[in-house]
Structure formats: structure tokens, C-alpha cells
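Structure record follows, encoded as C-alpha cells.
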Amino acid sequence: MSRSYEDIPLTPISDTPSTVNMTGLWRVFRPVVDLDKCRKCTLCWKFCPDAAIELVDGKPNIDLRYCKGCGICANECPAECIIMVKEEAE
Amino acid sequence: MSRVTIPEVEHAYPGSTGCPGCGANLVMRYLLKGLGERTILTIPACCWAVMPGYWPSHCLKVPMVYCAFEATGASLSGIRAALDMKGVEDVTVVGFAGDGGTVDIGLQALSGAAERGTDAIYVMYDNEAYMNTGIQRSGATPWGAWTTTTPVGSSRDYKREPKKDIMSIMEAHGIPYAATVSVAHPEDFVKKAKKAKDARGLKFIHALSPCPPGWKMNPMKTIEIARLAVDTNVFPLYEVENGRLRITKKGKGLPIEDYLSTQGRFRHLTEEEVKRMQESVDSSLKALEEREAREG
Numbered sequence: 001m002s003r004s005y006e007d008i009p010l011t012p013i014s015d016t017p018s019t020v021n022m023t024g025l026w027r028v029f030r031p032v033v034d035l036d037k038c039r040k041c042t043l044c045w046k047f048c049p050d051a052a053i054e055l056v057d058g059k060p061n062i063d064l065r066y067c068k069g070c071g072i073c074a075n076e077c078p079a080e081c082i083i084m085v086k087e088e089a090e
Numbered sequence: 001m002s003r004v005t006i007p008e009v010e011h012a013y014p015g016s017t018g019c020p021g022c023g024a025n026l027v028m029r030y031l032l033k034g035l036g037e038r039t040i041l042t043i044p045a046c047c048w049a050v051m052p053g054y055w056p057s058h059c060l061k062v063p064m065v066y067c068a069f070e071a072t073g074a075s076l077s078g079i080r081a082a083l084d085m086k087g088v089e090d091v092t093v094v095g096f097a098g099d100g101g102t103v104d105i106g107l108q109a110l111s112g113a114a115e116r117g118t119d120a121i122y123v124m125y126d127n128e129a130y131m132n133t134g135i136q137r138s139g140a141t142p143w144g145a146w147t148t149t150t151p152v153g154s155s156r157d158y159k160r161e162p163k164k165d166i167m168s169i170m171e172a173h174g175i176p177y178a179a180t181v182s183v184a185h186p187e188d189f190v191k192k193a194k195k196a197k198d199a200r201g202l203k204f205i206h207a208l209s210p211c212p213p214g215w216k217m218n219p220m221k222t223i224e225i226a227r228l229a230v231d232t233n234v235f236p237l238y239e240v241e242n243g244r245l246r247i248t249k250k251g252k253g254l255p256i257e258d259y260l261s262t263q264g265r266f267r268h269l270t271e272e273e274v275k276r277m278q279e280s281v282d283s284s285l286k287a288l289e290e291r292e293a294r295e296g
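Protein chains in written order, with the working numbering: chain A, 1 to 90; chain B, 1 to 296.
Listed below in C-alpha cells is the structure:
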């Protein structure tokens, strides 16, 4: 996006949510969820550093536009229903 | 039915520029869940100065002011004074700084704010080195750790000084509330954030924040390692309320090897050096427990 200098505030004040940063592009490993095995413990949601997991009826819905693929959800899931798959693999 | 144990409301957008698996991102997320949206942050140079994203984007839903590296304590006092002049009482002012900006560079401004009794919360997220500039050692780097300024190599120049005890330094100021928190125990974290919000005066929160690139660890192990830090008593969770100490989460007492072996920065340590660390952890835990028994 380009703006004229007249539109830019004198001090740099942020006015746009960071949702313009598609951090999902950084990902090397992608989380894949088996929702049938999910026990709705919500640990994946609780421990996601990027708040990229939304709960739908207690089950995770991972926003792959922003998920950086750290794998904390897969490591913490007690039901082992999240696995990390290398991005090129598919 | 879901079993959510911390507030569901989010005060951060996704899309921050923190590394994958960053502990500091979780510190901010849990802190804001505890404090709510009526919060103003002031952040000096640290990882979190970079993590909100590049202009004009910003990943927090609360206002935030950048300040100079050494000035967090002065900055939060200034914001509080301005709010007091305007008669705004329901806003929590938070200084949010890294370990270098707290125990080294920002210590005098923080000490001043504590001495003045500014009504604010100071949160130190401790990743145990200057991480965003390239893993240089800080006063909060533990004994024995590798950093780029304490390289190991054949001369084994790992850090020879123990970690600065910032909790005792802050307590010596007679502040009303000081607590240690961990990203592996968010319920305890949110509870302590709320407690800090309700106390009057300067409150101090020390959060251990695992750093995957700096600690040379797998990003998926962030929570696991933070949990091990508590269970091996390397980072005991306690609070000091008006001078009375209470341990809030007992560790399992696992051997310190379990914690050290997860991180590349401790890989060079010999058995004898690990034993030395174990002894130091045991003696500081004993001192904490004795104090709790005396005051509790």
C-alpha cells in the first residue's frame, strides 16, 4: 500500500492490525489435526504463542494463514491428535 | 463442553513477528488475559520492541508506548502521572521489558519507580540473554550457559557469573507484590497478574520465557522446558505479598540434568559442573522453603 507523506502521522502510530502479516508463510512443518481423536482439553489453544488457534465447540481450528509451525500444540496434545507434516510433503 | 481454564478473550492479533515457539509471545498473551483491555504498555528496546510487527501494523489491541532502553521505570511513572492528572483511575500501567532491560540497563529507572511507589506493574520476561540483538550474555544469564559473548570452544569461556537475583533486589525496595510466573502454568500466571492489578504501588512480575534460538532448543519444546524449569526447581514459582513469601507451585524435584539436556546452550557442561548447578539450585530452594515456613 502506498500513501502520501501527508497521510502519514508525524510520529509513527500504528493503525493496522498485524493480521496483514501472513506469518504462515514462514512455516516449515504444518500441524494436521485429527478432530475425531480430539478430547476437547483445549491445551493447544492455551499454549499457542500466536493465538492462531480458535476453539470451535472446544475443538481446535488452526488458522494456517498465521500458524508459524512451531509445533507446541503437537507436543502438548495429550490425545496425540496433532501431527506435524513437512510443508513440501503433500 | 470445553474446559477452558484461562479467560477466552484475546488482546492480541495473530501475525506478530516473534520467532516460532516464542515464550515472550505467551507471556504477553497471558498477562493481557489477566489484566484486561484497560491497560497501557510501555516497552523499551527488547524482543517485544520488534515483535508487534513493522509499521503501520501492530499485534496488540491495547495502547503501547516505546521508550528508550534504560527508561521503562521512568516511562511508566510518566504515564501514571499523566493519567492521575486526567483523573483516570481504571487503567493499569505496565512496563514490559526483557531481562537485559531490567537487571542491567533499566535497573536504576526501575529502582526509582519502586522508590516512588508508582502505581504500576513491571513485567520482566526473562529469556536469559540479549536475544534480539544476537544472544549476548546479560546479568540474568545463568551460570554455565553458552552465549555469543561467552563462547565455549576449546577455552570453555562459558558464563562464570551466577544469575542476578532480581526478585531479592525488588523485594529490598519494600514493594507490595512480587511474583515469579511461568508460561507452562497459565492459570497461576493469570491469577498473579490479577493480584498485581489489585495491589497499590509498584508490582513486579518475573516471567521465565524460553527462547528457541537463544537456548538452542526445539521450538515445539517451549512449554515442556518451561515446565521442567519449575519441576527441577531451577525456576521456583512463588509470590511475595507485603513481605510474606508463599511458594505457589511445588516442583516435582526432578534432577537438573532433565532441564539442562533439553538445551544446546548447556551441552558443554561436564558432570562435575552439572553437580555444582544442582547444589546451587538445592540450596536456593532450601532457603525459599525455610523462609516460607518462617513467614507462612
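Every residue, glycine too, gets a C-beta built ideally from N, C-alpha and C.
The structure displayed is predicted, hence computed values, not measured ones.
With DSSP as the reference, label residue 108(B) as helix, strand or coil.
-> On the second sequence, position 108 is the one that residue 108(B) refers to. Correct three-state label for residue 108(B): helix.
Should residue 1(B) be flagged as near chain A, meaning a C-beta pair shorter than 8 Å?
-> For this step, residue 1(B) is matched to residue 1 along the second sequence. Bear in mind that the predicted position of residue 1(B) carries a pLDDT of just 45, short of 50, making it too unreliable to give a figure here.
Would you mind stating whether residue 263(B) and residue 223(B) have Cβ atoms separated by less than 8 Å?
-> For the purposes of this step, residue 263(B) is taken as the residue at position 263 of the second sequence. For the purposes of this step, residue 223(B) is taken as the residue at position 223 of the second sequence. No.
Give the straight-line distance between the Cα atoms of residue 22(B) and residue 2(A), rounded to the nearest whole angstrom.
-> To locate residue 22(B), count along the second sequence from 1; it is residue 22. To locate residue 2(A), count along the first sequence from 1; it is residue 2. Cα-Cα distance, rounded: 31 Å.
Separation of residue 121(B) from residue 72(B), as counted between CA atoms = Working through the second sequence from its first residue, we reach residue 72(B) at position 72. Working through the second sequence from its first residue, we reach residue 121(B) at position 121. Cα to Cα, residue 72(B) sits roughly 11 Å from residue 121(B).
What are the boundary residues of the beta strand (DSSP E) that includes residue 241(B)?
-> Counting from 1 along the second sequence, the entry for residue 241(B) is found at position 241. 237–241 is the span of the beta strand (DSSP E), which, as asked, contains residue 241(B).
Just grab the DSSP bridge partners of residue 124(B) for me.
-> Here residue 124(B) refers to the residue found at position 124 when the second sequence is read from its first residue. Looking at the DSSP assignment, residue 124(B) forms a beta bridge with 97(B), 206(B).
So residue 185(B) packs on residue 249(B), CB below 8 Å; how close in whole Å?
-> For the purposes of this step, residue 185(B) is taken as the residue at position 185 of the second sequence. For the purposes of this step, residue 249(B) is taken as the residue at position 249 of the second sequence. Rounded, the Cβ-Cβ distance is 6 Å, consistent with contact.
Within the present structure, is the beta-carbon of residue 201(B) separated from the nearest heavy atom of the ligand COA by less than 7 Å?
-> What this structure holds is no ligand at all, so the ligand COA is not there to describe.
Distance between beta carbons of residue 81(A) and residue 33(A), contact taken as under 8 Å = Here residue 33(A) corresponds to residue number 33 of the first sequence, with the count starting at 1. Here residue 81(A) corresponds to residue number 81 of the first sequence, with the count starting at 1. The Cβ separation is near 6 Å, so the contact holds.
Reference residue 68(B); option with closest CA among 91(B), 125(B), 62(B), 98(B) = Against the second sequence, residue 68(B) aligns to sequence position 68. Answer by Cα proximity: 98(B).
Just the chain B side, please: which residues come within less than 8 Å of residue 41(A) by C-beta, in chain order?
-> In the first sequence, counting from the first residue as 1, residue 41(A) sits at position 41. Those are 3, listed as they occur along chain B.
Of the listed residues 171(B), 227(B), 56(B), nearest to residue 11(A) (C-alpha basis) = Counted from its first residue, the first sequence places residue 11(A) at position 11. Residue 11(A) has its Cα closest to that of 56(B), out of 171(B), 227(B), 56(B).
Contact set between residue 339(B) and chain A, taken where Cβ atoms lie within less than 9 Å = The requested residue 339(B) is not part of the displayed model; chain B covers only 1 to 296.
For residue 6(B) versus residue 42(B), is the C-beta spacing smaller than 8 Å?
-> Counting from one through the second sequence, the residue named residue 6(B) turns up at place 6. Counting from one through the second sequence, the residue named residue 42(B) turns up at place 42. In this structure, residue 42(B) does not lie closer than 8 Å to residue 6(B) by Cβ.
Tell me residue 31(A)'s beta-bridge partners as DSSP assigns them.
-> Here residue 31(A) refers to the residue found at position 31 when the first sequence is read from its first residue. Residue 31(A) pairs with 84(A).
If I'm right that residue 111(B) touches residue 173(B) with Cβ under 8 Å, what's the distance once you round it to whole angstroms?
-> Translated into the one-based positions of the second sequence, residue 111(B) becomes position 111. Translated into the one-based positions of the second sequence, residue 173(B) becomes position 173. Indeed, because the Cβ distance is near 7 Å, the residues count as touching under 8 Å.
Compare the C-beta of residue 12(B) against all C-beta atoms of chain A and say whether one is closer than 8 Å.
-> Numbered from 1 along the second sequence, position 12 holds the residue referred to as residue 12(B). Yes, because at least one Cβ of chain A sits closer than 8 Å to the Cβ of residue 12(B).
Please compile the residues from chain A whose C-beta is within a distance smaller than 8 Å of the C-beta of residue 26(B).
-> Here residue 26(B) refers to the residue found at position 26 when the second sequence is read from its first residue. Ordered by position in chain A, the residues that pass the 8 Å Cβ test against residue 26(B) are 47, 49.
Rounded straight-line distance, which links the Cα of residue 151(B) to that of residue 157(B) = Along the second sequence, read from residue 1 onward, the residue named residue 157(B) stands at position 157. Along the second sequence, read from residue 1 onward, the residue named residue 151(B) stands at position 151. In a straight line, the C-alpha of residue 157(B) is about 6 Å away from that of residue 151(B).
Spatial neighbours of residue 240(B) in its chain, beta-carbon cut-off 6 Å, leaving aside the 5 residues before and after = Reading the second sequence from its first residue, position 240 is the one you call residue 240(B). Same-chain partners within the cutoff: 171, 178.
In or out: residue 295(B) buried (at least 16 other Cβ within 10 Å) or exposed?
-> Position 295 of the second sequence, counted from the first residue, corresponds to residue 295(B). Result: exposed.
Which two residues bound the contiguous beta strand (DSSP E) that contains residue 41(B)?
-> The residue labelled residue 41(B) in the question sits at position 41 within the second sequence. Here the beta strand (DSSP E) through residue 41(B) covers 39–43.
Reference residue 24(A), options 53(A), 76(A), 57(A), closest by Cα | Here residue 24(A) refers to the residue found at position 24 when the first sequence is read from its first residue. Here the closest residue by C-alpha is 53(A).
If residue 59(B) and residue 132(B) are in contact, beta carbons under 8 Å, what's the gap, nearest whole angstrom?
-> For the purposes of this step, residue 59(B) is taken as the residue at position 59 of the second sequence. For the purposes of this step, residue 132(B) is taken as the residue at position 132 of the second sequence. About 15 Å; that fails the 8 Å criterion.
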